[in-house]
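In the working numbering, the protein residues as written are 168 to 296. One structure below.
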């Protein structure tokens with residue numbers, strides 16, 4: 168069961184700048200951290216990243232910009248976000264993002280526990296039960 172954890176390894180503390188990269192490409196890098204029922208992805212998007220087509224997934228996603236500026240395309244509508252702005256994306260709504268300007272942007276994306284991303288959290292010892 169993916170929700171099972173080792174209580175002796177709690178609290179679990181990880182520095183996400185040292186976590187293994189789960190997804191990467193030109194101008195894009197993401198690490199993932201999980202809890203019992205939720206996940207967070209920390210993503211860095213560089214200005215050199217090519218625009219990507221919108222994607223969707225059956226999970227809600229809340230994204231907060233923690234550094235830089237980002238353009239989000241959400242269900243065909245473009246919204247500009249700066250540091251500390253947040254956007255809510257309901258399940259199955261198409262979306263994409265890109266950095267604005269010459270500096271990278273860093274985002275935190277919050278999801279419910281996604282079994283399709285569990286392998287990105289293999290480094291977390293508390294869930295190795």
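Using N, Cα and C, we set each Cβ at its ideal position, and we do this for glycine too.
Legend entry - C-alpha distance - residue 213 paired with residue 286, whole-angstrom precision: 24 Å
Inset, instruction - Report the rounded CA-to-CA distance for residue 249 versus residue 179, giving the unit in angstroms. - result: 30 Å
Inset, instruction - Give the DSSP bridge partners of residue 275, in chain order. - result: 209, 231
Inset, instruction - Would you verify that the beta carbon of residue 241 is, or is not, closer than 8 Å to some beta carbon of chain C? - result: Although the question refers to chain C, the structure presented lacks it and comprises just one protein chain.
Legend entry - Exposed unless 16 or more other CB atoms sit within 10 angstroms - verdict on residue 251: exposed
Inset, instruction - Go to residue 196, then tell me how far its beta strand (DSSP E) extends in each direction, as first and last residue. - result: 195-201
Inset, instruction - Give the straight-line distance between the Cα atoms of residue 204 and residue 294, rounded to the nearest whole angstrom. - result: 12 Å
Inset, instruction - Could you name the residues that DSSP lists as bridge partners for residue 190? - result: 197
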